[in-house]
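Residue numbers for the sequence shown, in my numbering: 562 to 812.
Working notes for the structure below.
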Amino acid sequence: MTEATILVDASTDRVVVTLNRPDVRNAIDQRMVDDLHDICGVLESDPRVLLVQGSGGTFAAGADIGQLRERGRDDALRGINSGLFDRIRRLPMPTIALIEGYALGGGAELAYACDFRLGTPTTKIGNPEPGLGILAAAGATWRLAELVGEPVAKEILLAGRILDAAEAHALRLLNEVVEIVEDGDLLAAGHRWADRITASAPLAVRLTKALFHAPREAHPLIDDVAQAVLFETTEKRDRMSAFLDRRKKKP
Ligand code: COA
562 MTEATILVDA
572 STDRVVVTLN
582 RPDVRNAIDQ
592 RMVDDLHDIC
602 GVLESDPRVL
612 LVQGSGGTFA
622 AGADIGQLRE
632 RGRDDALRGI
642 NSGLFDRIRR
652 LPMPTIALIE
662 GYALGGGAEL
672 AYACDFRLGT
682 PTTKIGNPEP
692 GLGILAAAGA
702 TWRLAELVGE
712 PVAKEILLAG
722 RILDAAEAHA
732 LRLLNEVVEI
742 VEDGDLLAAG
752 HRWADRITAS
762 APLAVRLTKA
772 LFHAPREAHP
782 LIDDVAQAVL
792 FETTEKRDRM
802 SAFLDRRKKK
812 P
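Put into structure tokens, the structure is as follows:
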């Protein structure tokens, strides 16, 4: 049997996925793509927060260059990484990338596809694809500008700029930089973010994420329809009653 490319730790409200090819800096090969698709399937049918981290001090050093070198036109047209990252972007509940060390190429694009990115002082993010004779075709050419704006996106995509943790944080490409005192501190910070997310009503979070990415023309009708769904939930009534009851009890 082949070794798993990812490790999965699932609980009722979240799933932690660890990219597990440390010897090749968690380079994303076809098997890892397949394994991540399997996790997407699980999260689509049972929505939970996703946390993604790398093993061995690196998030991911991009697509597996050994495989990339052999790929041709038809492989590119299959959208191997772009299809996966698009699916991750569309997952029902929020996703959090925990970026220790390098997130390069497809590794960076995986992180861009997530809703939140936490780093450490070792984090480095960039898209060196043109240096290998290809382009960053799995989201960076358009998503990066949405995240950091055109000037910085062009520095990264066209001039090989690699952002360090402080730079990425200043741009809010990293939502937080976690000082590491002991192993597990980054994951612990990820769980704190997941706790904040899961403290809210799951369906409200889920619909908010879906609306956030809906096309402009769909608003505001789609917001009203989603709100109509939420207004009919027991959870809404219970949460609002709990709020009002707490206030009534105050002297
Ligand atoms: N695909 C396949 N193998 C990779 C890889 C990738 N994207 N990134 C690293 N590896 C392999 C190396 O070939 C090396 O294998 P070896 O031990 O058999 O020689 C091993 O991982 C360790 O890499 P190394 O470069 O020695 O580690 P490092 O810590 O000095 O540097 C990086 C880490 C991430 C800076 C460096 O590996 C790198 O630049 N990787 C490629 C990044 C890239 O261009 N990504 C875009 C791909 S489209």
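In this text, a Cβ means the ideal position worked out from N, Cα and C, and glycines have one as well.
Computed from a predicted structure; not experimentally measured.
- The ligand COA has no heavy atom closer than 6 Å to the beta-carbon of L696.
- Residue environment for P691: exposed (fewer than 16 other C-beta atoms within 10 angstroms of its C-beta).
- Three or more beta-carbon pairs separated by less than 8 Å are not found between the segment 635-648 and the segment 750-758, which leaves the two stretches without contact.
- Per DSSP, the unbroken beta strand (DSSP E) holding R575 starts and ends at 575-580.
- Under the three-pair Cβ rule at 8 Å, the segment 615-635 does not count as touching the segment 734-753.
- Annotation for P608: L652, P653, M654, P763, R767 place their beta carbon closer than 8 Å to its own, counting only its chain and skipping 5 residues before and after.
- Taking E661 as reference, the option from I567, A720, D574, E740 with the minimal CA-CA separation is E740.
- Checking the DSSP bridge columns, you'll see Q628 has no partner listed.
- Proximity of the beta carbon of A621 to the ligand COA is not indicated: no heavy atom of the ligand is located closer than 6 Å.
- Considering only Q614, E670, I717, the residue with the shortest C-alpha distance to L679 is Q614.
- Burial state of M593 is buried, judged by a 10 Å Cβ sphere holding 16 or more other Cβ atoms.
- In the three-state scheme derived from DSSP, where H, G and I count as helix and E and B as strand, L747 is classed as helix.
- In terms of side-chain proximity, the C-beta atom of L805 is found no nearer than 6 Å to any non-hydrogen atom of the ligand COA.
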